[in-house]
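Contents: one structure, followed by commentary.
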Amino acid sequence: MTVNITREKVVEATIDILRKAETELPDDVVEALNRAEIDESDPVAKAQIQGILENVRIAKENAVPMCQDTGILIFYVEIGRSLRLDFDLKDAITEGVRRATEAIPLRPNAVEPLTRKNSGDNTGSGLPDIKYELVEGDGLTITVAPKGAGSENMSTLTMLNPTEVGSIKNFILETVLNAGGMPCPPIIVGVGIGGSFDKAARLAKSALLSRLDEMNQFEREILDEINSLGIGPMGLGGSTTALAVHVRTAHCHTASLPVAVNIQCWANRHASITFGGDE
Amino acid sequence: MEFHLKTPLKKEDITQLQAGDIVYITGTVFTARDEAHARILELTEKGDPLPFDLDGAVIYHCGPLMKKTNGGWEVVAAGPTTSGRMSKMTPLLLEEHNVCAIIGKGGMQDVVESLKGRCVYLAYTGGCAALAARSIKSVSCVHWLDLGMPEAVWSLDVVEFGPLIVGIDPKGGDLFSNVRKHAKRVFSGI
Chain X
1 MTVNITREKV VEATIDILRK AETELPDDVV EALNRAEIDE SDPVAKAQIQ
51 GILENVRIAK ENAVPMCQDT GILIFYVEIG RSLRLDFDLK DAITEGVRRA
101 TEAIPLRPNA VEPLTRKNSG DNTGSGLPDI KYELVEGDGL TITVAPKGAG
151 SENMSTLTML NPTEVGSIKN FILETVLNAG GMPCPPIIVG VGIGGSFDKA
201 ARLAKSALLS RLDEMNQFER EILDEINSLG IGPMGLGGST TALAVHVRTA
251 HCHTASLPVA VNIQCWANRH ASITFGGDE
Chain Y
1001 MEFHLKTPLK KEDITQLQAG DIVYITGTVF TARDEAHARI LELTEKGDPL
1051 PFDLDGAVIY HCGPLMKKTN GGWEVVAAGP TTSGRMSKMT PLLLEEHNVC
1101 AIIGKGGMQD VVESLKGRCV YLAYTGGCAA LAARSIKSVS CVHWLDLGMP
1151 EAVWSLDVVE FGPLIVGIDP KGGDLFSNVR KHAKRVFSGI
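The following block contains the structure:
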C-alpha cells in the first residue's frame, strides 16, 4: 500500500495535533486529576485541583489553550522505512508551527538564548525540536508534546558513580523536593537511567508520553515516596504532589550511571496523528 | 476569611490579611515577569520615570497569550508564571515602589522581610489560564512590547480575579515555607 502524503497534509496535520494538544488534556491525565480531587482531604489542595479541572473544561469547550505557556514544541516522528516523501518533512512541520501560532493562537515563546530576541512564531534555530525514528512499514506518525518552562526549569541531570544505583531514588526525590510548588504540581516525573549524558535526558522526556495509569512496581514506589513529602498541588500542601512516575532505561558505559529527571506540570499535553502504514 | 479588594490597594487592605485567606481583586493588575522587572529596576536606578503607576499597584507574574483585534488586544489565556524567578529582584522593586500585592504561583523565597507591613503574595492556581481569562475583562494598554508578548507589561482590567490564596502575608506568615519545611523533614527521614 502506498500512502500519498503531501506537504500540505503534514502542515495541516501539525496544526490539528497542536490544537488538540493545547486545548484538550488526554483522558488518562483527566482521570488521574479526577481521582486526586476525590483523594485530597485538604480543602486548599482540593480547591487547586478543582480549579485545574474547571480550567481544563473551559479550555476544551472554548477551544483555547489550557495554559498561557503553550510551551516550546517537541515533535516525535516515526517514519516507516519504506515510506518515500518528495518534500522536506522538517520544513513542513515548521510551517505548521508558524501557522498554528497565528491560528490557535499560541504564545510566541522562542527567543535567541543570548539576545533574548523573540522570533515571534515559535520557530528558530533548533526549534521546533523534532526527533526522528525509523520504524517498520510505510506509515508516518507525528506526535507533538508542547513543553512549558515552569516544569522544564526544575528538571535535573546527574552523572552518578556506577556503585550508586541505590542513590537513584534519592536523587529523584531531591529533585521533586527542590522544585516544590514551582513546576505546577501535581506533576508527572519522567526518569531516564543509563545511556549517556544526553540519552538519559531524552529517555526522561519521552517517558512523559507514557499513559499515567501504566506504572510498574518501582515507579509506584517512587510515586508513593514523592507523595509522602506533602508538597501538594501548587506547593500549598496536600497528598497529591505527583500523578505518575515513568522510568526508562538504556544500557550505559560500565563506568557511568547517568540519571535524568524531567519534570512535567499537570498539563501533560500531547497529541498524535498517523498516516497510512502497513495494515 | 474571604476578602474582596479594589485597586489601587491601601495599606489597611493588606495588613488585615493572613496566610491561607482567600482574596478576589477588582481593578487593574500589571503583568510583569523577568525582563519587565529588570527594566523597572534599570529605569529606577537611573531615576527615570516608569510609564505606569505602581503606587498601590498589583503586579501579576504572568506572560499572557494575547490576540490582536481591530481595536486592540484580547486575552486568550493568562495564568500565573513561576514567581521564584523574580525572587531576587522583588526586594529591590519593593524598596522603590509601593506595590501592595504580587500575584503568582509557586511562592517566593527570601522575600518575607521585604513584604512585611506593606505587601502580600497571592497564589493563583498554576496553569489555570483559560479560567483566569474569564475574570480579565479588557486590556487597557501594553508597555514595552519590544520585550516580546510574554515579557511586556500588560495593564489588565479585572473583576473578582481569584480565588487567590494568601501565600505570604505582611506579618511574615508563609504557607509555602511551612510546606517546604515539612517536606524537608519527611525527606531526611526516608
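Chains as they are written, first to last, in the working numbering: chain X, 1 to 279; chain Y, 1001 to 1190.
Note that the Cβ used here is the ideal one computed from N, Cα and C, for glycine as well.
Residue i vs residue j beta-carbon contact at 9 Å
{"i": "Ile-1136 of chain Y", "j": "Val-1111 of chain Y", "result": "no"}
{"i": "Thr-1028 of chain Y", "j": "His-1097 of chain Y", "result": "no"}
{"i": "Ala-201 of chain X", "j": "Ala-250 of chain X", "result": "no"}
{"i": "Thr-1125 of chain Y", "j": "Asn-55 of chain X", "result": "yes"}
{"i": "Thr-1200 of chain Y", "j": "Val-1179 of chain Y", "result": "The structure shown does not extend to residue 1200 of chain Y, since chain Y is modelled only from 1001 through 1190, so no value can be given for it."}
Selected residue, minimal CA-CA separation from residue i, among the options
{"i": "Thr-158 of chain X", "options": "X:Asn-122, X:Asp-42, X:Gly-192, X:Phe-75", "result": "X:Gly-192"}
{"i": "Gln-68 of chain X", "options": "Y:Gly-1072, Y:Leu-1093, Y:Thr-1031, Y:Val-1076", "result": "Y:Val-1076"}
{"i": "Ala-59 of chain X", "options": "Y:Glu-1045, Y:Ala-1132, Y:Leu-1122", "result": "Y:Ala-1132"}
{"i": "Ile-15 of chain X", "options": "X:Asn-227, X:Met-154, X:Pro-146, X:Ser-151", "result": "X:Pro-146"}
{"i": "Leu-73 of chain X", "options": "X:Gln-48, X:Ala-110, X:Thr-249, X:Ile-226", "result": "X:Ala-110"}
{"i": "Ile-142 of chain X", "options": "X:Pro-128, X:Ser-167, X:Thr-254", "result": "X:Pro-128"}
{"i": "Pro-1170 of chain Y", "options": "Y:Trp-1154, Y:Ile-1190, Y:Leu-1115, Y:Arg-1033", "result": "Y:Leu-1115"}
{"i": "Thr-6 of chain X", "options": "X:Asp-86, X:Ala-32, X:Arg-81, X:Thr-70", "result": "X:Asp-86"}
{"i": "Leu-1175 of chain Y", "options": "Y:Gln-1109, Y:Gly-1117, Y:Val-1153", "result": "Y:Gln-1109"}
{"i": "Ala-1009 of chain Y", "options": "Y:Val-1179, Y:Lys-1184, Y:Val-1058", "result": "It is Leu, not Ala, that sits at residue 1009 of chain Y in the sequence shown. When only C-alpha atoms are compared, the closest one is Y:Val-1058."}
{"i": "Pro-1150 of chain Y", "options": "Y:Pro-1064, Y:Ser-1083, Y:Leu-1156", "result": "Y:Pro-1064"}
Between the CA atoms of residue j and residue i - distance to the nearest angstrom
{"i": "Ala-45 of chain X", "j": "Ile-1040 of chain Y", "result": "34 Å"}
{"i": "Asp-42 of chain X", "j": "Gly-238 of chain X", "result": "6 Å"}
{"i": "Asn-262 of chain X", "j": "Lys-131 of chain X", "result": "17 Å"}
{"i": "Glu-1074 of chain Y", "j": "Asn-216 of chain X", "result": "45 Å"}
{"i": "Pro-65 of chain X", "j": "Glu-22 of chain X", "result": "5 Å"}
{"i": "Gly-1020 of chain Y", "j": "Ser-1177 of chain Y", "result": "13 Å"}
{"i": "Glu-279 of chain X", "j": "Arg-220 of chain X", "result": "At Glu-279 of chain X the pLDDT is 43, less than 50, meaning the model places this residue with poor confidence and gives no usable figure here."}
{"i": "Ile-1165 of chain Y", "j": "Val-1023 of chain Y", "result": "6 Å"}
{"i": "Cys-1141 of chain Y", "j": "Thr-115 of chain X", "result": "26 Å"}
{"i": "Ala-267 of chain X", "j": "Leu-25 of chain X", "result": "7 Å"}
{"i": "Ile-79 of chain X", "j": "Leu-203 of chain X", "result": "19 Å"}
{"i": "Gly-240 of chain X", "j": "Met-234 of chain X", "result": "Going by the sequence as given, residue 240 of chain X is Thr instead of Gly. When rounded, the distance between both Cα atoms is 10 Å."}
{"i": "Ser-272 of chain X", "j": "Val-144 of chain X", "result": "6 Å"}
{"i": "Met-182 of chain X", "j": "Lys-1068 of chain Y", "result": "30 Å"}
{"i": "Phe-1187 of chain Y", "j": "Glu-174 of chain X", "result": "8 Å"}
{"i": "Gly-1072 of chain Y", "j": "Val-1139 of chain Y", "result": "8 Å"}
{"i": "Thr-163 of chain X", "j": "Asp-198 of chain X", "result": "21 Å"}
{"i": "Gln-1018 of chain Y", "j": "Cys-1119 of chain Y", "result": "12 Å"}
{"i": "Leu-140 of chain X", "j": "Ser-82 of chain X", "result": "10 Å"}
{"i": "Glu-8 of chain X", "j": "Arg-99 of chain X", "result": "12 Å"}
{"i": "Gly-1104 of chain Y", "j": "Pro-185 of chain X", "result": "14 Å"}
{"i": "Pro-1051 of chain Y", "j": "Leu-1147 of chain Y", "result": "15 Å"}
{"i": "Glu-102 of chain X", "j": "Glu-95 of chain X", "result": "11 Å"}
{"i": "Arg-84 of chain X", "j": "Arg-57 of chain X", "result": "40 Å"}
Extent of the continuous beta strand (DSSP E) to which residue i belongs
{"i": "His-1097 of chain Y", "result": "Looking at the DSSP string, His-1097 of chain Y is not in any beta strand (DSSP E), and its letter there is neither H nor E."}
{"i": "Ser-1140 of chain Y", "result": "1136-1143"}
{"i": "Asn-262 of chain X", "result": "257-264"}
{"i": "Leu-1147 of chain Y", "result": "First-last for Leu-1147 of chain Y: undefined, no H or E at that position."}
{"i": "Glu-1041 of chain Y", "result": "Before going further, note that residue 1041 of chain Y is Leu rather than Glu in the sequence given. No beta strand (DSSP E) holds Leu-1041 of chain Y; the alpha helix (DSSP H) holding it covers 1034-1046."}
Run of the alpha helix (DSSP H) containing residue i, from where it starts to where it stops
{"i": "Asn-1178 of chain Y", "result": "1175-1189"}
{"i": "Ser-1155 of chain Y", "result": "No alpha helix (DSSP H) holds Ser-1155 of chain Y; the beta strand (DSSP E) holding it covers 1153-1168."}
{"i": "Asn-170 of chain X", "result": "168-179"}
{"i": "Gly-1027 of chain Y", "result": "Careful: Gly-1027 of chain Y lies outside any alpha helix (DSSP H), inside the beta strand (DSSP E) at 1022-1031."}
Can we say the region 241-250 of chain X touches the region 206-216 of chain X, given the rule of at least three CB pairs closer than 8 Å? Cβ pair count under 8 Å is three or more, so yes.
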